[in-house]
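Asks: Got a structure for you, written out below as structure tokens; questions coming shortly.
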Amino acid sequence: MKHIMVTGGSRGLGLGIVIHLLNQGYKVSTCSRNKTTAVDDLVNNNEHVKWFQCEVGNAEQTATFVKSACEWAEVPLWGLINNAGIAKEGVLATFPNVESDALLQVNLNGALYFAREVLRVFLRQNTAGRIINISSIIGSRGYTGLAAYSASKAGLDGLTRALARENGRRNITVNSIAPGYLDTEMSSTLSDKKRDQIIRRTPMHRLGTVADITPAISFLLSDEAAFITGQTLTIDGGITN
Ligand SMILES: NC(=O)c1ccc[n+]([C@@H]2O[C@H](COP(=O)([O-])OP(=O)(O)OC[C@H]3O[C@@H](n4cnc5c(N)ncnc54)[C@H](OP(=O)(O)O)[C@@H]3O)[C@@H](O)[C@H]2O)c1
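So that you can map any letter, position 98 of the sequence shown is 98 in UniProt numbering, and since no number is skipped, the others follow by simple counting.
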């Protein structure tokens, strides 16, 4: 059995990834700031999953979580899914710096701190491994009102490429997955008008679902994906074509 760590697994895409990986036979540790009923139910009914409280973006809490999760799992760590993220809209001229700082701290620095800790575990274990960063199409395309979010996801894709080069010799692959708009809590703030516009512009004529993303995660974690690294895989129903 292999251990996978998923950040932000209490709801939305992260929770979907946790459930998918459990069904695939992985042992899964996850974290978020708050425990939801959904993750509580899951943990109470499955001994192969454990939730920890951890503030992504806090280096000290990250190190503590990674250590505790590895001790709990008792099997080698195989992968990290950097999924936790926050989004906030607003044109930059009136967007408070403190909001940009908070967003970059979670979406970019948070992922970097996690990657650092997990790479240290891979080194100690002397094993191969996988890191998957959950990016966004907004990292490669400009969208009004999402400057900080876009910068955080573009930075994440840069981190992916640099870490892929740095760790390839040790058979550690690092990739990004860039979803389009997904039907989760994060996109629930979209106005009906904006939602309809996205759907109209998407060749597949709908928003994405968690189930559209999870197969790509298990593929990138698999042995079959051992030669794929430094890539950003877009899963967006064709909207960025
Ligand atoms: N939804 C979309 O349309 C969409 C599209 C493209 C990419 N994405 C990306 O996909 C990822 C997941 O998005 P989602 O839609 O599933 O979001 P979501 O429903 O808002 O869930 C976010 C998860 O991350 C956790 N989280 C947020 N900030 C955290 C922090 N500082 N420390 C620890 N955990 C934290 C949340 O738990 P707590 O709040 O309790 O901490 C929650 O578990 C994000 O990286 C997002 O940027 C989403």
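Ideal Cβ placement from N, Cα and C applies to all residues, glycine included.
Treat the numbers as computed from the prediction; the structure is a model and nothing was measured.
Please look up how many angstroms separate the CB atoms of G25 and I17, rounded, as I've assumed it's under 8 Å.
Replies: Not really, about 14 Å apart at Cβ, beyond 8 Å.
Asks: Consult DSSP for M5 and reduce its assignment to one of helix, strand or coil.
Replies: M5: strand per DSSP, three-state reduction.
Asks: Between which residues of its own chain and K35 is the CB-CB distance below 8 Å, once the five residues before and five after are set aside?
Replies: Cβ within range, chain order: S10, W51 and Q53.
Asks: Contact check, T160 vs G230 under 8 Å by CB: the rounded distance?
Replies: Indeed they touch by this definition, with Cβ atoms about 6 Å apart.
Asks: Can you tell me the Cβ-Cβ gap for M5 and V75, rounded? I've got them flagged as a contact below 8 Å.
Replies: With a Cβ gap of about 12 Å, M5 and V75 do not count as contacting.
Asks: Out of I235, A115, V43 and M204, which one is the CA nearest neighbour of I81?
Replies: Nearest C-alpha to I81: A115.
Asks: Express the C-alpha separation of G155 and R206 in angstroms, rounding to a whole number.
Replies: Using only the alpha carbons, I get a separation of about 28 Å.
Asks: Less than 9 Å separating the beta-carbons of I213 and L13?
Replies: Cβ distance < 9 Å, so I213 and L13 count as in contact.
Asks: Report yes if the CB atom of L103 is closer than 9 Å to the CB atom of S32, and no otherwise.
Replies: Against a cut-off of 9 Å, the Cβ pair of S32 and L103 comes out as no contact.
Asks: Just verifying my parser: in three-state terms, what is the DSSP assignment at L13?
Replies: L13: helix per DSSP, three-state reduction.
Asks: Using a Cβ-Cβ cut-off of 8 Å (strictly less than) and excluding sequence neighbours within five positions of N46, which residues of its own chain qualify?
Replies: L22, listed in sequence order.
Asks: Tell me the residue span of the beta strand (DSSP E) that contains I172.
Replies: Note, I172: beta strand (DSSP E), I172 to P179.
Asks: For the segment 120–135 and the segment 182–191, state whether three or more C-beta atom pairs, one from each stretch, are separated by less than 8 Å.
Replies: At 8 Å Cβ cutoff, the stretches do not touch.
Asks: Can you find the residues in the same chain that come closer than 8 Å, C-beta to C-beta, to T64, ignoring five residues on each side of it along the sequence?
Replies: Closer than 8 Å at the Cβ level, and outside the excluded window around T64, lie C54.
Asks: Please decide whether L159 counts as near chain B, where near means a Cβ-Cβ distance under 9 Å.
Replies: Any reference to chain B falls outside this structure, which holds one protein chain only.
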